[in-house]
Amino acid sequence: MKVASPPFDSLAVREMYDLWEMAFGPDIAPDITFDPLSGAEKNANDFRVYRVFIADQLGATAIVVAPIALPELGALGEVATHPEFRNRGLASGLCEQLLEDFQCQGGEAMFLGTVNPNAARIYERFGWSHIPDTKLMVNLASN
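Numbered by my numbering, the letters in the sequence shown go through residues 133 to 275 in order.
Spelled out as structure tokens, the structure:
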């Protein structure tokens, strides 16, 4: 597992976008645009990009964003696994590690949005709770 912060070169960004299209389908645009991945928001937000490589191929990703002014609050996005590498626990491993890292750095609440019921079940196993009447989930460090 590799954890890195922007800026990423255009090849690394293209690799992530290709994975997200395979994982989410061509009709779902990623939440993260090129600008933050190129470092454009480094003075406002702390981005942590978690990646798993199988040989030299990108197998899974997850991104945590926390405002520098409010590091106790975070957002999780782009949790994706390459279709060839599903059911190996890659996304679960990423989520477990990123939650531990976030909380060890003083994080108190992390949010995510999902419309995928299978993904929601995975998040629930890691202590995420649904926010009523929304597509959002929250994970509180106090849980």
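Note that beta-carbon positions come from the ideal geometry of N, C-alpha and C, so glycine has one too.
Determine the extent of the beta strand (DSSP E) in which residue i is found, giving its start and end residues.
i	result
GLY225	That residue, GLY225, is in no beta strand (DSSP E); its alpha helix (DSSP H) goes 222-236.
ASN250	Here ASN250 belongs to no beta strand (DSSP E); instead the alpha helix (DSSP H) covers 249-257.
MET133	It is not in any beta strand (DSSP E) - MET133 carries neither H nor E in the DSSP assignment.
ILE195	189-199
ASN175	Note, ASN175: premise wrong, no beta strand (DSSP E); not H, not E.
GLU210	205-213
PHE243	241-245
ASN271	268-272
Cα separation between residue i and residue j?
i	j	result
ASP141	GLY171	10 angstroms
ALA198	GLU216	30 angstroms
ASN219	VAL181	21 angstroms
PHE166	SER274	33 angstroms
SER261	PHE243	10 angstroms
GLN235	THR193	19 angstroms
ILE160	GLY238	32 angstroms
VAL145	LEU151	10 angstroms
ARG183	TYR149	13 angstroms
GLU256	PRO249	10 angstroms
ARG136	PHE258	Sequence inspection shows Ala at residue 136; the Arg mentioned does not correspond to that position. Cα-Cα distance, rounded: 23 angstroms.
Which two residues bound the contiguous alpha helix (DSSP H) that contains residue i?
i	result
ALA156	Residue 156 is actually Phe in this sequence, not Ala. PHE156 -> alpha helix (DSSP H) spans 142-156.
ASP167	166-169
Ignore the nearest five residues each way along the sequence and tell me which others in residue i's own chain have a CB closer than 8 angstroms to its CB.
i	result
ILE254	ALA223, SER224 and CYS227
ALA207	VAL196, VAL197, ALA198, MET242, PHE243 and LEU244
PHE185	LYS134 and GLY191
Might you give, ordered along the chain, the residues of its own chain that have their beta carbon closer than 6 angstroms to the beta carbon of residue i, omitting 5 neighbours on each side?
i	result
LEU272	ALA241
GLU147	LEU190
LEU205	ALA241
Using a Cβ-Cβ cut-off of 7 angstroms (strictly less than) and excluding sequence neighbours within five positions of residue i, which residues of its own chain qualify?
i	result
PHE156	ALA212
PRO138	PRO168, LEU169, SER170, GLY171, LYS174 and PHE179
ILE164	ILE195, GLY209 and GLU210
VAL247	LYS267
For the ligand NAD, I want to know if residue i counts as a neighbour, meaning its beta carbon is within less than 7 angstroms of at least one of the ligand's heavy atoms.
i	result
THR213	Absence of the ligand NAD is noted for the structure shown, with no ligands found whatsoever.
Is there a Cβ from chain D that is less than 8 angstroms from the Cβ of residue i?
i	result
PRO138	In the structure shown, chain D does not exist; there is a single protein chain.
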